[in-house]
Ligand code: C2E
Ligand code: MG
Ligand code: MG
Ligand code: MG
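Numbering (the numbering used here), first residue to last: 899 to 1189.
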């Protein structure tokens, strides 16, 4: 009897283990696996100057999920932040973007803006500094203007450590941008504490330009503030010519939005640069790719 019993126990343990191995992966486990497989694609959204020339790009991550297809950042960045995987993901993204840009260096205008988003957790991460250093050392001096985009969505835990990291990044020549400006809790104090170089006006304010309800009061005030503080502005979420005309008239330096292009696969972004270097306008109807 004991032999039969232990056989049954062993068998059921075996079955349970088999079921365990074949259970559907939780999002958390899938994310760990994706990081070790390097399954993320850094899309590049063009940033243009007032002449409409591409002068830079923002790196926007997509997860190429084996079952669910492309996943947007709001579906995985929060989990990446709580699990700490965000560090590795940013590092992988920087390295992939570096490889694309190195390969096509002659197409890059000098001082090409490369903007990368960081999460509050990364504001005291010295490996991030090392990644930036490594990234920049792969290009001749002045070829790339690296921009670190900081959101004020969540508060930064240790401002002293963040200030120290940003100072170190500045010694590399990087600039610090405040993303989604005007939507968070800390806008003005962050400008003050972190010596912000660039403000990205949030798309919710750009969207109101041309509308009837207090169309551009906030944009006007941000522009005045930035002028006084000698800070440059990127308008994000520019979708139509009315918005663009208004922003140009206010002498905003940089533009980003669907009016120019959506976030693009790196290969397609490089094609855009190639076309620009041949001075061929982008044909209508070919403007968008993966969102
Ligand atoms: P963000 O940094 O403010 O990026 C701009 C977002 O606006 C992007 O959304 C972009 O696709 C979208 N966008 C650009 N132009 C337009 C437009 O004309 N109209 C509209 N409606 N939207 C526009 P996306 O790619 O979904 O990214 C969302 C957020 O996820 C980003 O906001 C950023 O905070 C975060 N994120 C993306 N990649 C990373 C990353 O590598 N690391 C971290 N920490 N956060 C990331
Ligand atoms: Mg951003
Ligand atoms: Mg933003
Ligand atoms: Mg955002």
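The C-beta atom is built at its ideal place from N, Cα and C for all residues, glycine as well. Being a predicted model, the structure only gives us computed values, none of them experimental.
**OP:** Work out the CA separation of residue 984 and residue 1054 for me, nearest whole Å.
**Re:** 15 Å
Subject >> For residue 1084, the three-state DSSP class (helix, strand or coil) >> reply: coil
Original post:
Given a threshold of 16 other Cβ atoms within 10 Å of its Cβ, counted over all protein chains shown, does residue 1017 qualify as buried or as exposed?
Top reply: buried
Original post:
At what residue ranges does the region 958–1031 contain a whole run of the alpha helix (DSSP H), taking only runs of 4 or more?
Top reply: 971–981 and 984–1001
Original post:
Less than 9 Å separating the beta-carbons of residue 888 and residue 1131?
Top reply: An answer regarding residue 888 cannot be provided, because it is not within the stretch 899 to 1189 covered by the chain.
**OP:** Return the bridge partner residues of residue 948 from the DSSP annotation.
**Re:** DSSP output for residue 948 lists no bridge partner at all.
**OP:** Figure out for me which residue from 1049, 992 and 998 has the closest Cα to the Cα of residue 1025.
**Re:** Ranked by Cα distance from residue 1025, the options 1049, 992 and 998 are led by 992.
Original post:
Got a sec, what are the start and stop residues for the alpha helix (DSSP H) residue 1067 sits in?
Top reply: 1057–1069
Original post:
In the structure shown, what three-state DSSP assignment does residue 1042 receive?
Top reply: strand
Original post:
With 16 as the cutoff for other CB atoms within 10 Å, does residue 943 come out buried or exposed?
Top reply: buried
Original post:
Would you say the beta carbon of residue 1156 comes nearer than 8 Å to a heavy atom of ligand 1?
Top reply: yes
Original post:
Is residue 1077 near ligand 3, with its Cβ less than 8 Å from a heavy atom?
Top reply: yes
**OP:** Tell me, please, whether the region 1099–1114 touches the region 1133–1149 by the rule of three or more beta-carbon pairs shorter than 8 Å.
**Re:** The region 1099–1114 makes contact with the region 1133–1149, as at least three CB pairs between them are under 8 Å.
Subject >> Buried versus exposed, by CB contacts within 10 Å (16 or more), residue 915 >> reply: Its Cβ having fewer than 16 others within 10 Å, residue 915 is exposed.
Subject >> Separation of residue 1094 from residue 1082, as counted between CA atoms >> reply: 15 Å
**OP:** Can you give me the start and stop residues for the alpha helix (DSSP H) that residue 1169 sits inside?
**Re:** 1164–1175
**OP:** State yes or no: is the C-beta of residue 1101 nearer than 8 Å to some heavy atom of ligand 3?
**Re:** yes
Subject >> residue 900, DSSP secondary structure in three states >> reply: helix
Original post:
Just checking my contact of residue 1034 with residue 977 at CB under 8 Å: how many whole Å lie between their CB atoms?
Top reply: Their Cβ separation, rounded to whole angstroms, is 29 Å, which puts residue 1034 and residue 977 out of contact at 8 Å.
Original post:
Would you call the region 945–955 and the region 1003–1018 touching, i.e. three or more CB-CB distances under 8 Å?
Top reply: yes
Subject >> Cβ-Cβ distance between residue 1044 and residue 1067 below 9 Å >> reply: Using a Cβ distance threshold of 9 Å, residue 1044 and residue 1067 count as a contacting pair.
Original post:
Would a C-beta distance cut-off of 9 Å place residue 1031 and residue 1070 closer than the cut-off?
Top reply: yes
Subject >> Cβ neighbour criterion (16 or more within 10 Å) applied to residue 1051 >> reply: exposed
Original post:
If you draw a straight line from the C-alpha of residue 1125 to the C-alpha of residue 1107, how long is it?
Top reply: 20 Å
**OP:** In the DSSP assignment, find the alpha helix (DSSP H) that holds residue 1122 and state where it starts and stops.
**Re:** 1115–1127
Original post:
For residue 910, which of helix, strand or coil comes out of DSSP?
Top reply: Three-state DSSP puts residue 910 in a helix.
Original post:
Is DSSP giving residue 1101 helix, strand or coil here?
Top reply: helix
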